[in-house]
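A.B. asks: Chains as they are written, first to last, in our numbering: chain B, -11 to 205; chain F, 54 to 315.
Okay, here's the structure, questions in a sec.
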Amino acid sequence: MIQLLGITKVYPTRSGLHTVLDGVDLTIKPGDKIGILGRNGAGKSTLIRILSGAERPTQGCIDRGMSISWPLAFGGAFQGSLTGLDNLKFICRVYGVDYRDKIDYVQDFAELGKFFREPVKSYSSGMRSRLAFAISMAVEFDCFLIDEVISVGDARFHAKCQTELFEKRKDRAFVMVSHEAHNIREHCDRAGVLHAGKMHMFDDIDMAYAFYQEVTT
Amino acid sequence: MSTVSLRHSLAIQSRVIAALLLREVITRYGRHGLGVLWIMLEPMLFTLGVAALWYLANLHTLSDIPIIAFAITGYSSVLMWRNAANRCTKAIEPNLALMYHRNVKVFDILLARIVLEWVGATASLIVLTACFAFIGAMRWPQDIVPVIGGWLLLAWFSLGLGLIVGAISERSETFERIWHVMTYLMFPLSGAVYMVHWLPKAAQDAVLWLPMVHGVEMLRHGYFGEIVPTYENPGYFAIANLLLTLIGLALVRDMEGRVQPE
Chain B
-11 MIQLLGITKV YPTRSGLHTV LDGVDLTIKP GDKIGILGRN GAGKSTLIRI
39 LSGAERPTQG CIDRGMSISW PLAFGGAFQG SLTGLDNLKF ICRVYGVDYR
89 DKIDYVQDFA ELGKFFREPV KSYSSGMRSR LAFAISMAVE FDCFLIDEVI
139 SVGDARFHAK CQTELFEKRK DRAFVMVSHE AHNIREHCDR AGVLHAGKMH
189 MFDDIDMAYA FYQEVTT
Chain F
54 MSTVSLRHSL AIQSRVIAAL LLREVITRYG RHGLGVLWIM LEPMLFTLGV
104 AALWYLANLH TLSDIPIIAF AITGYSSVLM WRNAANRCTK AIEPNLALMY
154 HRNVKVFDIL LARIVLEWVG ATASLIVLTA CFAFIGAMRW PQDIVPVIGG
204 WLLLAWFSLG LGLIVGAISE RSETFERIWH VMTYLMFPLS GAVYMVHWLP
254 KAAQDAVLWL PMVHGVEMLR HGYFGEIVPT YENPGYFAIA NLLLTLIGLA
304 LVRDMEGRVQ PE
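Quick look at the structure:
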């Protein structure tokens, strides 16, 4: 179980303190599919960063009783002068996974061909995101973080990702953040709306969406 | 809060640092030509250049000190702490995205870079000493204990300095600029280009406040034996290092609370 208690995040700005999250509570049980709706700037990505551990909350605590992924298909941590394989090795080493078991899987899945052994800086943006998604799948987690919906590659590749994540790993939990309700309606069981720094949780997606519509218009 | 045992934490941390180290090596040196060997060759070439310059300038006629050993001990020491600190300046910002991997901490990024400098400087010192001693251009170190002790203390010094410089440079551009001036001025003061014994009493008292001077003196005590008296105080150097490390750790801790990946 992952538990967030009273998470508050305040950023200093030139015109004083800006509170993005103001006492957010959230409990993620094994297998939970949670969607989070919010307008741009509502603090969705901040919440994802705090969940992933990239940033510390100003106040509040997180108890991570399950392993939790980095934001899915996030390729920002790639080192451009390293090859796709080097980047895979790095991630595997950080997470204590034997990379030799993952080479074939990632190479196949990312469909990079010979570019798998070329520097990432020579990749197109599509190749980059395919590699990022494949590497995300190389390490197993109890809970995946999905920041906006995975729009990786063409329709066929997109479908492949969906299968990999939502079918093969349907026993896992995930937290999906989006400003579009249909993604959340399709995959989630519960949804929360981030508004004015507060989290409003709903067991019913339609109720969450109705509330989202109400507060954002 | 779920707690993780210290042993488990250490296992994770060493894994992360090893991963960062390998990433850094490949990023910096690539796989072409001499590749990884440059970790050692780079400081070696520097030291060789300086040794050659000093030798050609006939500095060895000014004193009984064997000039090659003098250059190797002096320049290797400077290289270790100066490179460690310089590699730590602005080391976090380009690596901010790594923070998305929860086990990677600011401290790990700095430590990986410092360890790399330790490895390079140490390998360079050993290889140069062995080569020159083998061809008879200098004598083997007379007493290995102060050599190892002095070198370890210098490594510790570079750790404390690296953490401090790494953390502050991330917050203050002014510091980053001043730091470059400081390293430049520190070089002649650090003990690399003089023996404390050569200085007048007042100057001796002043330079012995500088921690790294004690490290170089120890190193040379070991290399030269009793040719020239040395003035090291390992206890003072260790306490100074401890203080620097504690300050460094506190600054890094504070930095970890401030990081904001995109």
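By construction, the Cβ of each residue, glycine as well, lies at the ideal position given by its N, Cα and C atoms.
Because the structure is a prediction, the values reported are computed rather than measured.
Assuming B/Thr151 and B/Arg105 make a contact with CB atoms under 8 Å, what is their CB distance in whole Å?
C.D. replies: Actually they are not in contact, since the Cβ atoms of B/Thr151 and B/Arg105 sit about 27 Å apart, beyond 8 Å.
A.B. asks: In angstroms, rounded to a whole number, what distance separates the CA positions of F/Ala255 and F/Trp262?
C.D. replies: Distance between the alpha carbons of F/Ala255 and F/Trp262: 12 Å.
A.B. asks: Here's a check: name, in chain order, each residue in its chain whose Cβ is nearer than 7 Å to the Cβ of B/Arg37, leaving out the five neighbours to either side.
C.D. replies: Taken in chain order, the residues that qualify are Glu43.
A.B. asks: Skipping 5 residues on each side, what residues in its chain have a beta carbon closer than 7 Å to that of B/Glu136?
C.D. replies: The answer, listed in chain order, is Val165 and Ser166.
A.B. asks: Between F/Met54 and chain B, is there a C-beta pair that is closer than 9 Å?
C.D. replies: Note on F/Met54: pLDDT 46, under 50, position unreliable in the model; the coordinate value appears next. Yes - at least one Cβ of chain B is within 9 Å of the one on F/Met54.
A.B. asks: Inspect the beta-carbon positions of F/Gly275 and F/Gly203 and report whether they are closer than 9 Å.
C.D. replies: Yes, these two residues count as a Cβ contact at 9 Å.
A.B. asks: Which one of F/Thr100, F/Gly213 and F/Ile201 has the shortest CA to CA distance from F/Val168?
C.D. replies: Taking only the C-alpha atoms, the option nearest F/Val168 is F/Gly213.
A.B. asks: Is there a C-beta anywhere in chain B that falls below 9 Å from the one on F/Val312?
C.D. replies: At least one chain B Cβ lies under 9 Å of F/Val312.
A.B. asks: Note down, in chain order, every chain F residue with its Cβ under 8 Å from the Cβ of B/Arg2.
C.D. replies: Those do not exist, as B/Arg2 stays about 15 Å from chain F at its closest Cβ, beyond 8 Å.
A.B. asks: Is any beta-carbon of chain F found at less than 9 Å from that of B/Leu76?
C.D. replies: No, B/Leu76 lies away from the interface with chain F (no Cβ there is under 9 Å from its Cβ).
A.B. asks: Output the boundary residues of the beta strand (DSSP E) element that contains F/His274.
C.D. replies: Counting along the chain, F/His274 falls outside any beta strand (DSSP E), though it belongs to the alpha helix (DSSP H) covering Pro264 to Phe277.
A.B. asks: For B/Ala65, go through chain F and note every residue whose CB falls closer than 7 Å to its CB, in chain order.
C.D. replies: Within 7 Å Cβ-Cβ: Ala150, Leu151, Tyr153 and His154.
A.B. asks: Quick check: is the beta carbon of B/Phe62 nearer than 9 Å to any beta carbon in chain F?
C.D. replies: Taking Cβ atoms only, chain F reaches closer than 9 Å to B/Phe62, which makes this a yes.
A.B. asks: Is the Cβ-Cβ distance between B/Gly11 and B/Arg173 less than 9 Å?
C.D. replies: Contact: no.
A.B. asks: Counting only C-beta atoms, is B/Tyr111 closer than 9 Å to chain F at any point?
C.D. replies: No, no contact with chain F.
A.B. asks: Over the uninterrupted alpha helix (DSSP H) stretch that includes F/His250, give me the two end residues.
C.D. replies: F/His250 -> no alpha helix (DSSP H), and no H or E assigned at all.
A.B. asks: Mind checking which residues open and close the alpha helix (DSSP H) that includes F/Gly310?
C.D. replies: Where F/Gly310 is concerned, the enclosing alpha helix (DSSP H) stretches over Pro287 to Arg311.
A.B. asks: In the DSSP assignment, what residue or residues form a beta bridge with B/Pro0?
C.D. replies: Answer by DSSP bridge pairing, in chain order: B/Leu5.
A.B. asks: From the beta carbon of B/Val82, is the nearest beta carbon of chain F less than 9 Å away?
C.D. replies: So, interface residue.
A.B. asks: Quick one: what does DSSP say F/Gly330 is sitting in, helix, strand or coil?
C.D. replies: There is simply no residue 330 of chain F to check, as chain F begins at 54 and stops at 315 in what is shown.
A.B. asks: Name the residues in the stretch 216 to 248 of chain F whose C-beta lies less than 8 Å from a C-beta of chain B; which are they?
C.D. replies: Per Cβ criterion, the list is empty.
A.B. asks: With a threshold of 16 other CB atoms inside 10 Å of the CB of F/Tyr153, please say whether the residue is buried or exposed.
C.D. replies: F/Tyr153 should be labelled buried.
A.B. asks: Does any residue of chain B bring its CB to less than 9 Å from the CB of F/Arg60?
C.D. replies: So, not an interface residue.
A.B. asks: Measuring straight from C-alpha to C-alpha, what distance separates B/Leu73 and F/Glu95?
C.D. replies: One C-alpha to the other measures close to 27 Å.
A.B. asks: At the level of alpha carbons, what is the spacing between B/Ala196 and B/Lys32?
C.D. replies: So the two alpha carbons sit approximately 15 Å from each other.
A.B. asks: Locate the beta strand (DSSP E) running through B/Ile22, then write down its first and last residues.
C.D. replies: Its beta strand (DSSP E) spans residues Lys21 to Leu25.
A.B. asks: Skipping 5 residues on each side, what residues in its chain have a beta carbon closer than 8 Å to that of F/Met54?
C.D. replies: The predicted model places F/Met54 with a pLDDT of 46, which falls under 50 and marks its position as unreliable; any figure quoted below should be read in that light. Correct list: empty, nothing qualifies.
A.B. asks: Just the C-alpha distance for B/Tyr200 and F/Ala174, rounded to the nearest angstrom, thanks.
C.D. replies: Rounded to the nearest angstrom, the two C-alpha atoms are 60 Å apart.
A.B. asks: For B/Met131, which of helix, strand or coil comes out of DSSP?
C.D. replies: A small fix is needed here, since residue 131 of chain B is Cys in this sequence, not Met. Looking at B/Cys131 - three-state DSSP - the assignment turns out to be strand.
A.B. asks: Applying a beta-carbon distance threshold of less than 8 Å, which residues of chain F neighbour B/Glu43?
C.D. replies: Going along chain F in sequence order, the residues near B/Glu43 (Cβ under 8 Å) are Met152, Val312, Gln313 and Pro314.
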